[in-house]
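So the structure is just underneath, and the comments pick up after that.
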Amino acid sequence: MPGLARGGLAGDTARWRHYTLAPAVAVYLALTALPIANLLVMSVHDIRWEQGVAQWAFAGAKHFAELPRDQLFRDGLANTALFAVCAVSAELVLGFLLALFTSRVVRGRLFYRTAFLLPILIPGIVIGAIWKLAYNPDFGVINQLLGLAGLPGKDWLGEKTLAFASIVVVDIWHWTPFVFLLLLAGLESLPQDVYEAAKIDGASAWQELRYVTAPMMIPTIAVTAVFRLIVSFKVFDEVYLLTGGGPGTATEVVSFTIYRRFFTEDRIGYGSAISVVVLFLLTLVIVLALAALRRRRDAA
Amino acid sequence: MAPGTIRPRARRWTGVGVAAVALALASGAAAAQKVAPINVVINQSPWFGGFSKVVEAYEKETGNKVNLDVNPFAGSAEKQRSSVRAREGQVDLLVMNSTWLAEFYHGGFLVPLNDIDPGFKLDPQVINYDDTAYWDPKTKTNNSRTGVVYGVPINGNIAVLYYRADLYEQAGLKAPTTWEELLANARKLHNPPNVYGIVVRGARSASDISYDWMPYLHSHNGAIFKDEKNGDFTVTLNSPEGKKALDVYLELAKTAGPPNPGSYGQAQVIQALVTGKAAHATPVIAAWSQMDDATKSAVVGKMNVVVLPHGPGGQPAPTLGHFIGAIPKNIPRERQVAALAFLKWFQTYDAQLKYAQAGQPPIRKDVYAADFGKKPEFRWMKAMVDSAPYPRMMYTVPEGAQIVAVLELRLNQAVIGERTSTDALNTAAAEIYEIMRKAGYKTGRLPDLK
Chain X
121 MPGLARGGLA GDTARWRHYT LAPAVAVYLA LTALPIANLL VMSVHDIRWE QGVAQWAFAG
181 AKHFAELPRD QLFRDGLANT ALFAVCAVSA ELVLGFLLAL FTSRVVRGRL FYRTAFLLPI
241 LIPGIVIGAI WKLAYNPDFG VINQLLGLAG LPGKDWLGEK TLAFASIVVV DIWHWTPFVF
301 LLLLAGLESL PQDVYEAAKI DGASAWQELR YVTAPMMIPT IAVTAVFRLI VSFKVFDEVY
361 LLTGGGPGTA TEVVSFTIYR RFFTEDRIGY GSAISVVVLF LLTLVIVLAL AALRRRRDAA
Chain U
631 MAPGTIRPRA RRWTGVGVAA VALALASGAA AAQKVAPINV VINQSPWFGG FSKVVEAYEK
691 ETGNKVNLDV NPFAGSAEKQ RSSVRAREGQ VDLLVMNSTW LAEFYHGGFL VPLNDIDPGF
751 KLDPQVINYD DTAYWDPKTK TNNSRTGVVY GVPINGNIAV LYYRADLYEQ AGLKAPTTWE
811 ELLANARKLH NPPNVYGIVV RGARSASDIS YDWMPYLHSH NGAIFKDEKN GDFTVTLNSP
871 EGKKALDVYL ELAKTAGPPN PGSYGQAQVI QALVTGKAAH ATPVIAAWSQ MDDATKSAVV
931 GKMNVVVLPH GPGGQPAPTL GHFIGAIPKN IPRERQVAAL AFLKWFQTYD AQLKYAQAGQ
991 PPIRKDVYAA DFGKKPEFRW MKAMVDSAPY PRMMYTVPEG AQIVAVLELR LNQAVIGERT
1051 STDALNTAAA EIYEIMRKAG YKTGRLPDLK
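Protein sequences, first through last, are from chains X and U. Under our numbering, residues 121 to 420 are what the first sequence spells out, in order. Under our numbering, residues 631 to 1080 are what the second sequence spells out, in order.
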């Protein structure tokens, strides 16, 4: 029967789709779902080692209940949120300005593009060394320049009030090129006929930016912002290499807290609990951001 | 066959036979010494340069191969931890700092050295670093009487007082024996920003300020716990002795130190010494090799070291920051044998002489007594001999890393002015008490300091 034949064919196609998806699903399970499941299991256990063998003891929600009393976790979370907002905001503004500048340059565009991208090509460990030397209060280049201008030097990483800002500056220097790259791609893909129409209507450069470029760039800016927020929430290497979270907890960030609790102190269960909470918060940020984007798209 | 032709041939065959036997014997002897290559995980400490020179000598002398996997301090502990917890470890020789020894002993990851070679024993000349090469699994203590040998000391690192001998001579000062004398001398030499009276290791890290302050605590007759060796883990950190110890430390840091003493880790302290910016500091002896190195130091021939000062009624108490070389259970027998071959060689007089000549603290008493120690460039050795009766372990429980994390934060907060000494000690004591209570130790705590 034709109907049955069609149904059979449709069934075969559906099954075939499942079969072809299976390897990807297996890889996903092995690389993503299983480690997260393992993290969840560890977060509700105390794990100790005796005679070379791991001893697991169920701890329920004990580790999660401990989190609000943990000063490193509290300060780390607050600093991370502040860090993400400050760094990403500055990177978006600078990245957008650089992209705008580069998109309007006719000669030497390749040179500018390459020059602006350089910081992102440098490995994290080298960035740590560069900035540790630059910030050195005794012989760092920043204090030397201040000295030439007749200004007193600062202990950029040693003073509580300056250390956090100094870390943010390093992140801006490191990640603005990435933002620049995405926004430049966005700018270059904007339809040119809209600009031609604006020109015919006699729009000034500012009006063109305000009423043409900016609105059309919002989806790209939003996606870039979400991506950078996620990555900046995971900041670790700058803090590890430059301040170790100090002075006090001035530059403590949550990834560094996880590292300390999990690895340095060997508190696998508790470290996993912090990781689970951070994972949840990050997922929440992504879901809210995507929902906002979808609402905006629907409204448009 | 003519007789004349037989005899030379016979001699030739006899010669070949003798050569073959000799070759067989020689190769047999070589085979007895030849062992499998070993992997050693080690940290990039100030003493690493000296250790790597000794390893080169071992490879040259024996033909055996040693692969050194060099890591940052905390990374070294993590790598060793991962290896001993695997089904089969990658690391054959664990170079363990005193701060993570307890975790590895309590975790049961190590093999007694007599299980590899029943005839092995520590050379009597090897210094006993608070029994830390021995472990008694029944009582879970480092005890040379009841335990068995699990390791060989690799580095006898302890803190000593570094001071600018040239500035002392100009100012007519003598080396301090108490913290109060050190404070007076440091204030006298304090001439910022050119020279700071003292640079303390006040940063917060895996182990900076807690290691730096511990000699102050112990030499004021204070301690983290009431009687750790006998199982009484009542927290006594916030005792009046503890407060005196922290107050003198803060006074030194704030009245004779750089503007932000809370940001100086070990590397920055050593840098302040070699650039001539610190008149005093108390880093480990392993940093000495940089002081007289003209390629790194602006104070060649100007530094000296003495045993650490002490508090009123106390005695010097340098904290052990030494390293023990031990062999994990979870590696094949041939690699255990190879790792032990290295340790046997390492504890010999000749090897330790090379180690000392490379500027690193040897682990043998007789090397400290050697003639070359009288040369000016080995003037650091007297401080080590003088310190020998006093070293103390920071802690002996596997929760040590958590305790250190608490101390690092609270002491650093006191140094940067976020907390008073009383508040810092009370808070740290309460947190350490919680750690010990949760881990099931017999514990308690003193009432809060007022």
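Quick reminder that beta carbons are idealized off the backbone N, C-alpha and C, glycines included.
With respect to His-183 of chain X, Tyr-331 of chain X sits apart: the two C-beta atoms are not nearer than 7 Å. Here DSSP, grouped into helix, strand and coil, assigns Ile-784 of chain U to strand. Within chain X, no C-beta atom comes less than 9 Å from the C-beta of Asn-772 of chain U; the nearest is roughly 18 Å away. Taking C-beta atoms under 8 Å as the contact rule, Asn-673 of chain U and Asn-701 of chain U qualify, at a distance of about 6 Å. Counting the other Cβ atoms within 10 Å of the Cβ of Phe-193 of chain X gives 16 or more, which makes it buried. For the set U:Lys-664, U:Val-684 and U:Gly-1047, the Cα lying nearest the Cα of Thr-369 of chain X is the one of U:Gly-1047. When CB distances to chain X are screened at a threshold of 7 Å, the residues of the region 1013-1035 of chain U falling below it are Ala-1031, Gln-1032 and Ala-1035, in chain order. Three or more Cβ pairs closer than 8 Å define a contact, and the region 746-760 of chain U meets that threshold against the region 979-996 of chain U. Not a single C-beta of chain X is nearer than 7 Å to the C-beta of Ser-706 of chain U. Bridge pairing for Met-933 of chain U: U:Arg-794 [DSSP]. Straight through space, the alpha carbons of Trp-295 of chain X and Val-246 of chain X are spaced by roughly 15 Å. Three or more Cβ pairs closer than 8 Å define a contact, and the region 357-371 of chain X meets that threshold against the region 266-284 of chain X.
Within the region 269-280 of chain X, contact with chain U at the beta-carbon level (separation under 7 Å) is assigned to Asp-275, Leu-277, Gly-278, Glu-279 and Lys-280.
If you look at His-165 of chain X, you'll find it in the beta strand (DSSP E) that goes 165-170.
Scanning its chain for C-beta atoms nearer than 6 Å, with the 5 sequence neighbours on each side dropped, one finds no residue around Lys-804 of chain U. By the C-beta criterion, the region 239-256 of chain X is judged not to be in contact with the region 199-219 of chain X, since fewer than 3 inter-stretch pairs fall below 8 Å. Taking 7 Å as the Cβ-Cβ cut-off, the region 1041-1071 of chain U approaches chain X at Asn-1042, Gln-1043, Ile-1046 and Glu-1048, given in chain order. Nearest CB-CB separation between Arg-834 of chain U and chain X: below the 7 Å threshold. The CB of Leu-1039 of chain U comes closer than 8 Å to the CB of Gln-191, Leu-192, Gly-368 and Thr-369 in chain X, given here in chain order.
Short of 8 Å from the beta carbon of Pro-962 of chain U, and not among the five residues preceding or following it, lie these beta carbons of its own chain, in chain order: Glu-718. Taking 9 Å as the upper bound on Cβ-Cβ separation, chain X lies near residues Pro-888, Pro-889, Asn-890, Pro-891, Gly-892 and Ser-893 of the region 871-893 of chain U.
When U:His-848, U:Gly-749, U:Gln-898 and U:Asp-862 are compared, the shortest CA-CA separation from Met-1066 of chain U is found for U:Asp-862. Counting only runs of 4+ residues, the alpha helix (DSSP H) found wholly inside the region 940-1000 of chain U occupies 963-976, 979-987 and 995-998, in chain order. Excluding the 5 residues flanking it on each side, Asp-722 of chain U has same chain C-beta neighbours closer than 6 Å at Ile-668, Asn-669, Ile-961, Arg-965 and Ala-969, in chain order. Interface annotation, Lys-959 of chain U: in contact with chain X, CB-CB separation under 7 Å. Under a criterion of Cβ atoms nearer than 9 Å, the residues of chain X adjacent to Lys-907 of chain U are, in order, Asp-258. Between Ala-988 of chain U and Pro-676 of chain U, the alpha-carbon positions lie close to 12 Å from each other. Of the residues assessed, Arg-380 of chain X falls on the buried side of the cut-off, its CB having 16 or more other CB atoms within 10 angstroms.
For Gln-171 of chain X, the closest Cβ of chain U is nearer than 7 Å. Nearest CB-CB separation between Thr-333 of chain X and chain U: not below the 7 Å threshold. Taking Pro-1028 of chain U as reference, the option from U:Ala-704, U:Arg-715, U:Lys-959 and U:His-736 with the minimal CA-CA separation is U:His-736. In the three-state scheme derived from DSSP, where H, G and I count as helix and E and B as strand, Leu-310 of chain X is classed as coil. Approximately 6 Å separates the beta-carbon atoms of Gly-941 of chain U and Trp-809 of chain U; this is inside 8 Å, confirming the contact. Think of a sphere of 7 Å around the beta carbon of Glu-689 of chain U: no beta carbon from chain X falls inside it, the nearest being about 29 Å out. For Asp-321 of chain X, same chain residues with a beta-carbon under 6 Å away, outside a window of 5 residues either side, do not exist. For the set X:Arg-416, X:Ile-292 and X:Ala-283, the Cα lying nearest the Cα of Val-343 of chain X is the one of X:Arg-416.
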